[in-house]
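Visitor: Order-wise, the sequence lines are chains A and B.
At position 326 of the first sequence (counting the first as 1) the number is 778 in this note's numbering, and the numbers step up by one without a gap.
At position 181 of the second sequence (counting the first as 1) the number is 184 in this note's numbering, and the numbers step up by one without a gap.
I have a structure I would like to understand better, so I am pasting it below and will then ask my questions one at a time.
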Amino acid sequence: MRGRRPGRGAVPAEVPGAVSGAGPVVGAPDGDGCWGPGPTASVPSGRASELSPGARRPTIRAGRAATTARKATPTTTHRARRPAPARTTVPALTTAIFHREGCSRSPAGPYPARVTDLPAAAPAPADGIAALCRFLLLARTALVVTTAAAAVLITADPWPTVAAAALAAGWSVAGGVALARRPGLTGHPVPLLAADLAVAAGILAIAGAGPVFLAVSCTSAALSGAACGVRSAPVWAGLTAVGYVLTALILRSLTPAGSGAGGAGGGTVAVHLTAVPPLHVLAGLGASAARSAVLRQLALAAAAMAAIERSAIAGERGRMARELHDSVAQTLRGLSFAAVALPASLVRRPELAGELAGTVARAAQTAADEARDLLDTLRADDGGTPLADVVRQACAAWSDRTGLPVQGDLHPLEVAVDVRHELLRILREALNNVERHARASAVRVDLQAGRGAVHLSVRDDGVGFAVPDDARALAGSGHYGLIGMAERAARVGGTLHVTSRASGGTAVVARVPPAAPATAATPAAQPTRAG
Amino acid sequence: MNAAVVRVVLVDDNPMVRAGVRALLEVDGRFEIVAEASDGAAGLAAVRTHRPDVTLLDHRMPVAEGLAVLSRISELSRTILLTSDGSEDVVARALADGASGFLTYGELRPDELVAAVTAVAEGRAWLSPGAASVAVRSLRSRAEAQAQRRIRFGLTPRERELVELVVSGATNAQIAAHLVVSEKTVKNHLNHIYAKLGVTTRTQAVARWTG
């Protein structure tokens, strides 16, 4: 009389409130409640109070309870056999609401964003420097064009100036385009700067030490500062020296040798002209300051990005660890215990050995299923696709695999990351249950928003809810999964409603808030306290 | 043979874990699993119905956690917490609520489970090493806190001796006899002690000193 069946003597009254079977269905309102507008609508009014939160009567609560779910069987069959007045053909209706109280299975609060939710990585330093150089080239182009226009208006022979401006503008635009296409060019600044200085020399040859050359040489200094920082100070100094030489030549041409004419006016011009060459140093310094600011900004952005990524990865990793612990790790633990007991049983209690071997095999199969399920979920959702699309893809994949048509309305709506995760797991589990147990010919999956909640429903037209007698069979037969689905819904503050009728199909409806409440367990527990 | 059978109730939400633990215990031959339950509420009900010798109770379960029902279960049955969460908080609460044993899966060897259930059934306690170190740490920190408090009052060794006698319920006459001094001296000491403890009555002094 050593009971292998754990529920020996487990009569429904034993666990008050934990389970109550479906009541007798007297005058069920519709013949095919499974395909009705919703599970609540398919429930007779006499039972409706049990479905509403805050019901006075204890609602049907199931933990991940093998015992609990199993106990529904005698009740259900018993009630089903009771003659229902006037409508003896009404099939039994099993309704259950699952929710959870006081369970700390998951820490409260939404998870950090997924890695895939993040914007693209921070731009590389080369991109920032290239952008700075492009800005300088643009400024130079604008400057030389303006200068050329002024030369046309003022000078008697503007053509050398115009030609020089065209050369400068053409070179600058070409440089800007090249940098836009290949920002990596800033990694090789020396040949580019040499070319730039060569162009400046050409302009000097064409138009002399005029304003176009000044604009080009100053922006050359700035470009070198932007590309190389203060290391390019020799370039600025060289350009400044060239500037002084040119200034001296200009002054000499203004003041004929040995002549005192020009006097005070020539001196003023000389003072102004000598102020021009140091502009190269100023431009170079300014550009190199801008360069370091850009680089610092980019480094900060990259660091911030990395920190966000780390915390997102940590959150994701925590969830994975919890999932692993709750499923595969626990199952393997049981498996290892049973495996340890098996050899001992051969010696001490051979009559148990066969059963133990069965337990080991079942546990191994369960662990494999759980691991595959976990991996499938990981692969199925990259986090960036709209929820409705992911649901559609999951349904399509399932339909392809099983050959069963899936229909339904999938409304475009978005939910918090953890809610989305649990919804997708519930969907997967529900479809798996249909595949394994329902023997259905069609499935309907709906995703809708309503009254502050998101409803995901999976309805089939299969054989309905048939709870096996043996508790051990529950885990493998999907009722374990049903309870797990209820826990998933509760984890994000929602509920799971299951409506099933013998040979009339099953409806599983998850109602969850779009974002998990701060303490996920509390709202789920409230209806229970009221009851 | 069945005279010495230990009747056990298993409470764990994972059916495979239950099956494994059941296998380990049943193979030993000295245990009978009289019921299994998959959440705290069902576990309490099963314990009420079956009155087992030992209850193996998980902590993290749906509907009602292990610790939420532990105090009620431990009134009816010796209880071993068998869980994966060996955090200090859980161990401390479990021991305070009357658990006779604490086993964590991470540290559990299969033969230890049998030994633990046997020991607890015989009225002894069994802690996994992690749980034991939590218990030792908490006892030690409590003792240290008490010592710290007493040093703070600045009582002399003689005064400490005297106040311990007061705590033990001795009258002034008994204290005088015990310490071989006059009652007058005892009263003098007591007045000093009251002043140092900042109290005015004997009862307050005892409360402050032991508090």
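Heads up, the beta-carbon is just placed ideally off N, CA and C, and yes, glycines get one too.
So, are the CB atoms of Pro-966/A and Val-871/A less than 8 Å apart?
Guide: Reading the first sequence from its first residue, position 514 is the one you call residue 966/A. Reading the first sequence from its first residue, position 419 is the one you call residue 871/A. Closer than 8 Å, so yes.
Visitor: Please confirm whether Ala-941/A has its beta-carbon closer than 8 Å to some beta-carbon of chain B.
Guide: The residue you call residue 941/A lines up with position 489 of the first sequence. Chain B contact via Cβ: absent.
Visitor: So which residues of chain A does Ser-90/B contact, with C-beta pairs closer than 9 Å?
Guide: To locate residue 90/B, count along the second sequence from 1; it is residue 87. For Ser-90/B, none of the residues of chain A pass the 9 Å Cβ criterion, the least Cβ distance being about 11 Å.
Visitor: Report yes or no: is there a C-beta of chain B within less than 8 Å of the C-beta of Ala-813/A?
Guide: The count along the first sequence starts at 1 and reaches residue 813/A at position 361. For Ala-813/A, the answer is no, since every Cβ of chain B falls outside 8 Å of its Cβ.
Visitor: Starting from Arg-896/A, trace the alpha helix (DSSP H) both ways and give me its first and last residue.
Guide: Here residue 896/A is taken as the residue at index 444 of the first sequence, counted from 1. Arg-896/A -> not in any alpha helix (DSSP H); beta strand (DSSP E) instead, spanning 895-902.
Visitor: Would a C-beta distance cut-off of 8 Å place Val-57/B and Ser-80/B closer than the cut-off?
Guide: What you label residue 57/B is simply residue 54 of the second sequence in a count that begins at 1. What you label residue 80/B is simply residue 77 of the second sequence in a count that begins at 1. Their beta carbons are under 8 Å apart, which means Val-57/B touches Ser-80/B by this criterion.
Visitor: I'd like to know if Leu-106/B contacts chain A, where contact means its C-beta is closer than 8 Å to some C-beta of that chain.
Guide: Here residue 106/B is taken as the residue at index 103 of the second sequence, counted from 1. Not one chain A Cβ lies under 8 Å of Leu-106/B.
Visitor: Go ahead and label Arg-54/B buried or exposed: buried means 16 or more other beta carbons lie within 10 angstroms of its beta carbon, across all protein chains shown.
Guide: By 1-based counting over the second sequence, the position of residue 54/B is 51. With fewer than 16 other Cβ atoms within 10 Å, it is exposed.
Visitor: Assuming Ala-848/A and Pro-864/A are in contact, meaning their beta carbons sit under 8 Å apart, how far apart are those beta carbons, in whole angstroms?
Guide: To locate residue 848/A, count along the first sequence from 1; it is residue 396. To locate residue 864/A, count along the first sequence from 1; it is residue 412. Rounded, the Cβ-Cβ distance is 17 Å, inconsistent with contact.
Visitor: Measuring alpha carbon to alpha carbon, tell me which of Gly-662/A, Trp-623/A, Val-780/A, Phe-587/A ends up nearest Ala-602/A.
Guide: For the purposes of this step, residue 602/A is identified with residue 150 of the first sequence, where counting begins at 1. Per the Cα distances, Gly-662/A.
Visitor: Who are the neighbours of Val-792/A on chain B, taking C-beta pairs under 7 Å?
Guide: On the first sequence, position 340 is the one that residue 792/A refers to. Leu-27, Pro-113, listed in chain order.
Visitor: According to a CB-to-CB cut-off of less than 7 Å, which residues of the stretch 888-904 of chain A neighbour chain B?
Guide: Cβ contacts with chain B: none found.
Visitor: Taking beta-carbon pairs under 9 Å, can you tell me which members of the stretch 764-778 of chain A lie near chain B?
Guide: When C-beta distances to chain B are compared with 9 Å, the residues of the stretch 764-778 of chain A below that value are His-777, Asp-778, in chain order.
Visitor: Put Val-9/B into one of helix, strand or coil per three-state DSSP.
Guide: For the purposes of this step, residue 9/B is taken as residue 6 along the second sequence, with counting starting at 1. Of the three classes helix, strand and coil, the one that applies to Val-9/B here is strand, per DSSP.
Visitor: May I have the straight-line CA-CA distance separating Gly-786/A from Glu-881/A, to the nearest angstrom?
Guide: The sequence position of residue 786/A within the first sequence is 334, counting from 1. The sequence position of residue 881/A within the first sequence is 429, counting from 1. Those two C-alpha atoms are separated by around 22 Å.
Visitor: Taking Cβ to Cβ, would you say Val-14/B is nearer than 8 Å to Glu-35/B?
Guide: Taking the second sequence and counting its residues from 1, one reaches residue 14/B at position 11. Taking the second sequence and counting its residues from 1, one reaches residue 35/B at position 32. Result no, Cβ atoms of Val-14/B and Glu-35/B do not sit closer than 8 Å.
Visitor: Could you spell out where the alpha helix (DSSP H) holding Leu-98/B opens and where it closes?
Guide: Here residue 98/B refers to the residue found at position 95 of the second sequence. Start and end: 91-99.
Visitor: So, is the C-beta of Arg-963/A closer than 8 Å to a C-beta in chain B?
Guide: By one-based count along the first sequence, residue 963/A stands at place 511. So no, Arg-963/A is outside the interface.
Visitor: Who are the neighbours of Ser-80/B on chain A, taking C-beta pairs under 8 Å?
Guide: Taking the second sequence and counting its residues from 1, the one referred to as residue 80/B is at position 77. Residues of chain A passing the Cβ test: none, with the nearest at roughly 16 Å.
Visitor: Would you say Val-20/B faces chain A, with C-beta separation under 8 Å as the test?
Guide: Position 17 of the second sequence, counting from 1, holds the residue named residue 20/B. So yes, Val-20/B belongs to the interface.
Visitor: If Val-30/B and Ile-83/B are in contact, beta carbons under 8 Å, what's the gap, nearest whole angstrom?
Guide: Here residue 30/B is taken as the residue at index 27 of the second sequence, counted from 1. Here residue 83/B is taken as the residue at index 80 of the second sequence, counted from 1. The distance from the Cβ of Val-30/B to that of Ile-83/B is about 18 Å, inconsistent with a contact at the 8 Å cut-off.
Visitor: Return helix, strand or coil for Asp-912/A, following the three-state DSSP convention.
Guide: On the first sequence, residue 912/A is found 460 positions in, with the first residue counted as 1. Looking at Asp-912/A - three-state DSSP - the assignment turns out to be strand.
Visitor: How big is the Cα-Cα spacing for Ala-176/B and Glu-186/B?
Guide: Start at 1 with the first residue of the second sequence, and residue 176/B comes out as number 173. Start at 1 with the first residue of the second sequence, and residue 186/B comes out as number 183. If you take the alpha carbons of Ala-176/B and Glu-186/B, they lie about 6 Å apart.
Visitor: Among Val-746/A, Cys-585/A, Leu-827/A, Val-614/A, which has the Cα closest to the Cα of Thr-671/A?
Guide: For the purposes of this step, residue 671/A is identified with residue 219 of the first sequence, where counting begins at 1. Ranking the options by Cα distance to Thr-671/A, first place goes to Cys-585/A.
Visitor: What did DSSP end up calling His-949/A once you bin it into helix, strand or coil?
Guide: Along the first sequence, read from residue 1 onward, the residue named residue 949/A stands at position 497. His-949/A: strand per DSSP, three-state reduction.
Visitor: Is the stretch 746-762 of chain A close to the stretch 590-607 of chain A, with three or more CB pairs under 8 Å?
Guide: no
Visitor: For Leu-787/A, which residues in chain B fall below 8 Å Cβ to Cβ?
Guide: By 1-based counting over the first sequence, the position of residue 787/A is 335. Those within 8 Å of Leu-787/A in chain B are Met-19, Gly-23.
Visitor: Can you tell me whether DSSP reads Gly-860/A as helix, strand or coil?
Guide: In the first sequence, counting from the first residue as 1, residue 860/A sits at position 408. The answer is coil: DSSP assigns Gly-860/A none of H, G, I, E or B.
Visitor: Since Thr-86/B is in the beta strand (DSSP E), which residue starts that stretch and which ends it?
Guide: Here residue 86/B is taken as the residue at index 83 of the second sequence, counted from 1. In the DSSP annotation of this structure, the continuous segment of the beta strand (DSSP E) that includes Thr-86/B starts and ends at 81-86.
Visitor: Please confirm whether Ala-796/A has its beta-carbon closer than 8 Å to some beta-carbon of chain B.
Guide: Position 344 of the first sequence, counted from the start, is the residue given in the question as residue 796/A. Output row for Ala-796/A: interface = yes.
Visitor: Please decide whether Gly-69/B counts as near chain A, where near means a Cβ-Cβ distance under 8 Å.
Guide: By one-based count along the second sequence, residue 69/B stands at place 66. Not closer than 8 Å to any Cβ of chain A, the Cβ of Gly-69/B fails to qualify, so no.
Visitor: Along chain B, which residues have their Cβ under 9 Å away from the Cβ of Arg-586/A?
Guide: Numbered from its first residue, the first sequence carries residue 586/A at position 134. Here the premise fails: no neighbours, minimum Cβ distance about 57 Å.
Visitor: Report yes if the CB atom of Leu-111/B is closer than 8 Å to the CB atom of Ser-90/B, and no otherwise.
Guide: Here the question's residue 111/B lines up with position 108 in the second sequence. Here the question's residue 90/B lines up with position 87 in the second sequence. It is not a contact, given that the beta carbons lie outside the stated cut-off.
Visitor: Expressed to the nearest angstrom, what Euclidean distance is found between the alpha-carbon atoms of Ala-576/A and Leu-649/A?
Guide: Stepping through the first sequence from its first residue, residue 576/A is reached at position 124. Stepping through the first sequence from its first residue, residue 649/A is reached at position 197. Straight-line Cα distance between these residues: approximately 27 Å.
Visitor: Tell me whether the beta-carbon of Leu-631/A lies closer than 8 Å to the beta-carbon of Ala-582/A.
Guide: By one-based count along the first sequence, residue 631/A stands at place 179. By one-based count along the first sequence, residue 582/A stands at place 130. A contact, by the Cβ cut-off of 8 Å.
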